[in-house]
Structure formats: structure tokens, C-alpha cells
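Chemist: What follows is a structure written as C-alpha cells; I'll ask about it next.
Number of protein chains: 2
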Amino acid sequence: MVEAVRLIDTRERILDSAERLFMAHGYDGTSMRQITGEAGVNLAAVNYHFGSKESLIQEVFRRRLDWLNEERMRILNELESEADGKALKPSQIVDGFFGTMLRMAGDENRGGITFLRLMGRTLTEPSEFIRAFLAHEYKVVLDRYKEALFQALPDVPKAEIVWRFHFMLGATSYAIAGTDALRLVTDWQIEKEDSVDRLDRLLPRLMSFLLGGLRAQLPQFPEEAASDGE
Amino acid sequence: MVEAVRLIDTRERILDSAERLFMAHGYDGTSMRQITGEAGVNLAAVNYHFGSKESLIQEVFRRRLDWLNEERMRILNELESEADGKALKPSQIVDGFFGTMLRMAGDENRGGITFLRLMGRTLTEPSEFIRAFLAHEYKVVLDRYKEALFQALPDVPKAEIVWRFHFMLGATSYAIAGTDALRLVTDWQIEKEDSVDRLDRLLPRLMSFLLGGLRAQLPQFPEEAASDGE
DNA sequence: CCATAATTCATACGTTCGTTTTAATCATAG
DNA sequence: CTATGATTAAAACGAACGTATGAATTATGG
């Protein structure tokens with residue numbers, strides 16, 4: 001057991017530093033020398049343990065996403081088995097997906113707020129391979145949750161639900177990434193009021209907004225005089 | 001007469017290429033050589049005309065944002081003078097801010113969809129100075145629109161409105177940036193259905209969602225309720 | 001205890017980056 | 001036409017990047 005201590009330590013220290021630095025400065029904006037410098041390990045350690053910078057950030061995500069997505073699946077399965085065939089409430093589904101992610105930020109062993117902000121920021125990351133990787137990691141879970149929403153909202157066209165899922169992801173991503181990084185709108189009172197109980201209050205706030213948007217009146221398209229879709 | 005043609009051409013060609021490349025690959029992910037290469041101008045032209053890469057992206061934004069923010073101000077002023085003292089409808093305010101931005105994407109002379117996507121992506125851009133620059137550019141307009149929402153929704157706590165403005169920005173940013181770049185959720189039908197009439201349909205869809213979220217039931221915070229949990 | 005594998009280390013490689021420099025080319029005014 | 005200032009062009013700068021190398025160090029199994 002003692003034999004692997006230094007190995008694991010080095011790997012974990014690199015992952016921790018990379019997580020924090022990618023969150024703060026983005027993928028392209030973070031250099032290997034910054035990462036290894038902050039982690040207190042040799043420059044070559046990243047390539048030795050992970051192979052490349054690309055593999056490193058993938059491992060940074062995998063370390064957290066594996067648990068998160070399994071948890072999301074577990075919750076949805078549990079909800080559906082409890083519902084016993086009946087449709088779930090949209091609020092249950094939304095909370096299972098987005099609430100689980102936000103509550104993860106309270107658990108420092110799972111990356112805490114740092115990973116959450118990295119997550120929020122990376123969904124619009126410029127680098128092609130990162131988006132491709134995330135899309136792949138998320139595919140199964142997203143499909144399950146989309147399907148659950150289809151059944152929970154049988155009167156809403158599927159395309160509309162997909163779009164609103166998209167909007168919800170954006171609102172969440174932004175809410176997370178911006179809690180204390182970007183302050184286009186805020187800039188005055190949010191910081192003080194919510195510096196401590198940030199997550200306690202952010203979750204209900206976001207959930208209200210998401211559910212309001214998800215259940216909003218359906219849009220009317222300007223030239224809509226012909227047949228409906230789907 | 002003819003004397004300024006080449007100068008203006010070079011400047012504009014650089015700005016156009018930079019706009020497109022920053023949109024596609026981000027700020028750090030785009031090199032001066034890519035920009036000048038695509039624009040068909042000499043590498044040194046950027047530093048000659050703009051001074052630095054940082055100044056270049058600021059000019060890329062200023063070229064479009066000046067008009068957009070003036071238009072937003074004009075619209076809000078007009079709405080308020082028409083209302084003649086009475087409170088505006090939230091939908092008018094939201095449309096003035098977000099609708100104006102989306103409609104700008106239909107005008108190719110104002111950057112079209114390219115600038116809109118650059119905009120959406122940059123709001124979560126890692127580079128510190130870019131976020132600071134945008135925050136500064138937006139300050140006046142955002143304050144005016146926030147104030148308008150305060151008056152339009154007198155029963156909603158101001159902090160709540162600020163948060164929901166924040167969420168709306170995120171949903172919009174994401175909706176724009178992702179229309180054909182990132183496809184975490186979509187990946188199947190949106191592309192085909194909305195490749196042509198993307199903007200015609202995106203605007204009503206987004207507006208419904210935003211207004212639903214803005215007017216949603218107020219959140220209940222756990223510690224305000226007498227009982228702890230359920 | 002020693003052979004061997006695993007890990008760390010210092011160092012260097014080849015590229016690419018943003019910027020600068022200096023000379024050539026252009027347009028315009030006197 | 002020529003003087004002058006503005007623009008473009010080619011080339012190079014030093015710095016930083018991700019990665020690779022080979023030796024030194026550490027841990028492990030027989």
C-alpha cells in the first residue's frame with residue numbers, strides 16, 4: 001500500500017492543479033509549466049503519467065464526470081422505479097440532472113466549486129476535441145434525460161424540449177461559471193450577499209428559473225399558418 | 001478619394017478574418033499568422049493598424065457593440081417615452097435586450113451570425129482582459145435594462161431579478177454559440193430542421209423560455225422555511 | 001541484498017507565438 | 001517631378017510552448 005503513495009500523490013497533485021488552472025485560465029491559456037510548477041512536480045511528470053496535455057484534461061474531466069453521470073443515472077432509475085410507470089414531474093428530472101451537478105459543488109472531494117466552474121466554462125470551450133470528448137461522455141445520460149422529459153411533457157413538441165434543455169444547460173453553465181468570475185450583470189450586490197451561502201441559494205434560484213423556462217408558454221412562429229411539426 | 005481604399009480594406013479584412021477565427025477557435029486558439037493569412041495581408045499589418053492582438057479583438061467587438069448598444073438604448077428610451085410613465089411589460093424589455101441582439105444576426109453588414117456566435121462564446125472566455133473589456137462596454141446598457149426590469153417587476157426582489165438576468169444571458173449565450181458549433185444536447189434533429197430558418201425560429205423559442213424563467217415562481221430557500229428539509 | 005522496474009529529474013529539441021525592425025512601395029501635395 | 005508621409009513587405013527577434021531524452025533516484029520482489 002505504501003508503494004503507490006508517491007505515484008498517486010503525483011498524479012492527483014497534477015490533476016488538482018490542472019483542474020484549478022484550466023478553470024481559471026482555460027485550456028489554451030494554461031501551460032504545462034504552470035501546472036507542474038503549482039503542483040510541485042517535474043515538468044516531464046505530466047507526459048509520463050498522462051501522455052499529453054490533451055489526455056490530461058480528459059482525465060481531469062473523467063475523474064469527476066464518471067461519478068456525476070453514474071449518480072444521475074442512478075437517480076433517474078430510482079425515480080422511475082418509484083413512479084411505477086407513471087410519468088415523472090419535470091421538476092424531478094430537472095433536479096436530477098442540474099441539481100445533482102450543483103450539489104456536487106458542495107463536496108470538496110468531488111472537485112467542489114472549482115470543477116463545477118471548470119465544467120460551466122468548458123461547455124463553450126473553443127477547442128474542438130474537448131467539446132467532442134464531452135459530447136461523447138454525456139451522450140448516454142443526456143439521451144436518458146431527454147427521453148424522460150419527453151414522457152413527462154407529452155404535450156410539448158420534442159424539438160421544443162430539446163431546445164429548452166439546451167437553454168437550461170446554458171443558463172446553468174453561465175450561472176456556475178460566473179458566480180465569482182465574470183460579473184457582467186452583477187457587479188454590485190450578489191457578491192456580498194451570496195459569498196458564503198452561495199450554493200444554498202443558487203440552487204433554488206436556478207431551479208425556479210429553469211422550471212419556469214421549461215414549462216413556459218409555447219412559442220408562436222411568425223409565418224406559422226401551415227401544418228404543425230413532428 | 002482613392003487614397004484610403006487600401007487602408008480601409010486592409011483594416012476591414014483583418015477585422016473580418018479575426019472575427020471569424022476568434023469565433024471558431026477562441027482568442028488564444030487563433031494566431032496572428034492565421035488571421036493575416038486568411039485576410040491576405042502581411043503579418044505585420046495587425047500590429048501596424050491595431051498595435052497588438054489585444055487591441056485587435058477589442059476593435060473586433062467595438063465595431064459591432066457600439067451599434068448594438070446604441071440600438072438597445074434607443075429602443076428602451078422609445079419604449080419608455082411611449083409608455084408615458086407607466087411600467088413596461090417584461091416582454092418588451094427582454095425583447096429590447098436579447099431580441100435586438102438576435103435580430104442583429106440577420107444583418108450581414110453587422111457581423112451576422114458570426115459575430116453573434118463570437119459574442120456568445122466570449123462571455124465565458126477565459127482571458128481576463130476580454131471579460132473586463134466587455135463588462136466595461138456593457139455597463140451602461142446593462143444598468144439601464146436592469147433598472148427597467150426593477151420597475152416592470154416591482155414585486156420581485158431586486159437580487160432575484162439580477163440573478164435571472166444572469167441566467168437569461170447564459171441561456172442566450174449558449175443558444176447562440178451552440179446553434180451549429182456545440183451539440184451536446186441536440187446531435188440529431190435540430191440541425192436538419194433548423195438549418196435554414198434557424199433565426200426565425202430561435203428568437204421566439206428563446207423568448208418564450210426567457211420570459212418563462214423571468215416570471216417564474218419565486219424560489220424558496222431552505223433556511224427560510226421552518227422545517228429543515230422534506 | 002541485489003536485480004529490476006517504476007518514477008523523478010535536469011536538460012534540450014523543434015515549433016510556434018506576438019512583436020519589432022528595416023527597407024521597399026505607394027499615394028498625395030507642392 | 002519630387003519631397004513627404006503612409007502603408008506594405010520580408011525577415012528576424014526572444015520568449016514560451018508541448019514534448020522527448022537519458023541519467024539519477026526510488027521502490028519493489030525474489
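In order, the protein sequences belong to chains A and B.
The opening position of the first sequence corresponds to residue 1 in our numbering, with each subsequent residue numbered one higher.
The opening position of the second sequence corresponds to residue 1 in our numbering, with each subsequent residue numbered one higher.
Even glycine gets a Cβ: it sits at the ideal position worked out from N, Cα and C.
Small disclaimer: the values here were computed from a predicted structure and weren't measured.
For Ile93 (chain B), which residues in the same chain have their Cβ closer than 7 Å to its Cβ, ignoring the five residues on either side in sequence?
Modeler: The answer, listed in chain order, is Tyr145, Ala148, Leu149, Ala152.
Chemist: Against Tyr48 (chain A), what residues of chain B qualify as contacts under a CB-to-CB distance less than 8 Å, listed in chain order?
Modeler: In chain order: nothing, as chain B lies at least about 26 Å away.
Chemist: Could you spell out the range, first to last residue, of the alpha helix (DSSP H) harbouring Ser81 (chain A)?
Modeler: Per DSSP, Ser81 (chain A) belongs to the alpha helix (DSSP H) from 53-83.
Chemist: With H, G and I counted as helix, E and B as strand and the rest as coil, what does DSSP make of Leu123 (chain A)?
Modeler: Leu123 (chain A) falls in the coil class under three-state DSSP.
Chemist: Could you tell me the alpha carbon to alpha carbon distance between Asn77 (chain B) and Leu142 (chain B), rounded to whole angstroms?
Modeler: For Asn77 (chain B) and Leu142 (chain B), the distance between alpha carbons rounds to 14 Å.
Chemist: Compare the C-beta of Arg103 (chain A) against all C-beta atoms of chain B and say whether one is closer than 8 Å.
Modeler: No, because no Cβ of chain B sits closer than 8 Å to the Cβ of Arg103 (chain A).
Chemist: In the DSSP assignment, find the alpha helix (DSSP H) that holds Ser173 (chain A) and state where it starts and stops.
Modeler: From DSSP, the alpha helix (DSSP H) with Ser173 (chain A) extends over 158-177.
Chemist: Flag Pro154 (chain B) as yes if its beta-carbon sits less than 8 Å from any beta-carbon of chain A, otherwise no.
Modeler: Answer no: the Cβ-Cβ gap between Pro154 (chain B) and chain A never drops below 8 Å.
Chemist: Kindly list the residues whose CB is nearer than 8 Å to the CB of Asn69 (chain A), restricted to its own chain and excluding five residues on each side of it in sequence; keep chain order.
Modeler: Only Glu137, Tyr138, Val140, Val141 meet the Cβ criterion.
Chemist: Could you check which residue in A:Ala105, A:Glu82, A:Val46, A:Leu21 has the C-alpha nearest to that of Leu199 (chain A)?
Modeler: The candidate whose alpha carbon is nearest that of Leu199 (chain A) is A:Ala105.
Chemist: Do the CB positions of Pro219 (chain A) and Ser91 (chain B) come within less than 8 Å of each other?
Modeler: Contact: no.
Chemist: Since Ser208 (chain A) meets chain B, which of its residues come closer than 7 Å, beta carbon to beta carbon?
Modeler: Within chain B, the residues near Ser208 (chain A) are Ala216, Gln217, Leu218, Pro219.
Chemist: Mind checking Arg11 (chain B): buried by the 16 CB within 10 Å criterion, or exposed?
Modeler: Counting Cβ neighbours within 10 Å, Arg11 (chain B) comes out buried, since at least 16 surround it.
Chemist: So Ser173 (chain A) contacts chain B; which residues on that side make the cut at Cβ distance below 7 Å?
Modeler: By Cβ distance, chain B contributes Gly170, Tyr174.
Chemist: Do Gln217 (chain A) and Phe133 (chain A) have their C-beta atoms within less than 8 Å of each other?
Modeler: Their beta carbons are not under 8 Å apart, which means Gln217 (chain A) does not touch Phe133 (chain A) by this criterion.
Chemist: Please look up how many angstroms separate the CB atoms of Gly22 (chain A) and Leu118 (chain A), rounded, as I've assumed it's under 8 Å.
Modeler: First, the residue type needs correcting, since residue 22 (chain A) is Phe and not Gly in the sequence shown. About 6 Å separates the two Cβ atoms, so the contact holds.
Chemist: Under a CB-based cut-off of 8 Å, is Phe167 (chain B) close to chain A?
Modeler: Taking Cβ atoms only, chain A reaches closer than 8 Å to Phe167 (chain B), which makes this a yes.
Chemist: Between Arg205 (chain B) and chain A, is any beta-carbon pair separated by less than 8 Å?
Modeler: Cβ-Cβ to chain A under 8 Å: yes for Arg205 (chain B).
Chemist: According to DSSP, is Asp200 (chain A) part of a helix, a strand, or is it coil?
Modeler: Looking at Asp200 (chain A) - three-state DSSP - the assignment turns out to be helix.
Chemist: Closer than 8 Å, CB to CB, is Ala177 (chain B) near chain A or not?
Modeler: Chain A, which has a Cβ nearer than 8 Å to the Cβ of Ala177 (chain B), makes this yes.
Chemist: Within its chain, find whatever has a CB closer than 8 Å to the CB of Phe129 (chain A); leave out the 5 residues flanking it on each side and keep chain order.
Modeler: Cβ neighbours of Phe129 (chain A) beyond the five flanking positions: Glu54.
Chemist: Locate the alpha helix (DSSP H) running through Ser91 (chain B), then write down its first and last residues.
Modeler: Looking at the DSSP string, the run of the alpha helix (DSSP H) that includes Ser91 (chain B) is 90-94.
Chemist: Compute the Euclidean distance between the alpha carbons of Pro157 (chain A) and Ile14 (chain A), then round it to the nearest angstrom.
Modeler: Using only the alpha carbons, I get a separation of about 46 Å.
Chemist: Tell me whether Tyr27 (chain A) sits in a helix, a strand or coil according to DSSP, three-state version.
Modeler: It is coil, neither helix nor strand.
Chemist: Might you give, ordered along the chain, the residues of its own chain that have their beta carbon closer than 8 Å to the beta carbon of Gly213 (chain B), omitting 5 neighbours on each side?
Modeler: Cβ within range, chain order: Arg164, Phe167, Met168, Ala171.
Chemist: In or out: Gly85 (chain A) buried (at least 16 other Cβ within 10 Å) or exposed?
Modeler: Its Cβ having fewer than 16 others within 10 Å, Gly85 (chain A) is exposed.
Chemist: Would you tell me roughly how many angstroms separate the C-alpha atoms of Ala181 (chain B) and Pro222 (chain A), rounded to the nearest one?
Modeler: Caution applies to Ala181 (chain B), whose pLDDT of 38 falls short of 50 and renders its modelled position unreliable; the value that the coordinates give is listed next. Taking the straight line from one Cα to the other gives about 26 Å.
Chemist: Secondary structure at Ala225 (chain B), three-state DSSP: helix, strand or coil?
Modeler: At Ala225 (chain B), the pLDDT of 49 sits below 50, so the modelled position is not reliable; the number obtained from the coordinates is stated separately. Note: Ala225 (chain B) maps to coil in three-state DSSP.
Chemist: Residues of the stretch 59-92 of chain B in Cβ contact with chain A at a cutoff of 7 Å, in chain order, please.
Modeler: Listed by position, the residues of the stretch 59-92 of chain B near chain A (Cβ gap below 7 Å) amount to none.
Chemist: Please identify, using Cβ separations under 8 Å, the residues of the stretch 141-153 of chain A that lie next to chain B, in order along the chain.
Modeler: Cβ contacts with chain B: Leu142, Lys146.
Chemist: Considering Ala39 (chain B), what are the terminal residues of the alpha helix (DSSP H) in which it resides?
Modeler: Where Ala39 (chain B) is concerned, the enclosing alpha helix (DSSP H) stretches over 32-39.
Chemist: Out of A:Tyr48, A:Pro204, A:Ile75, A:Val60, state which residue places its alpha-carbon closest to the alpha-carbon of Gly17 (chain A).
Modeler: A quick correction: the sequence has Ser, not Gly, at residue 17 (chain A). Answer by Cα proximity: A:Val60.
Chemist: Quick check: what's the CA-CA separation for Leu102 (chain A) versus Gly26 (chain A)?
Modeler: Whole-angstrom Cα-Cα distance: 21 Å.
Chemist: Which residue from A:Glu19, A:Tyr48, A:Arg215, A:Ser52 puts its Cα closest to that of Glu38 (chain A)?
Modeler: Ranking the options by Cα distance to Glu38 (chain A), first place goes to A:Glu19.
Chemist: Determine, for Thr114 (chain B), whether the minimum Cβ-Cβ distance to residues of chain A falls below 8 Å.
Modeler: Not an interface residue.
Chemist: Answer yes or no: does any C-beta atom of chain B fall closer than 8 Å to that of Gly96 (chain A)?
Modeler: Gly96 (chain A) does not count as touching chain B.
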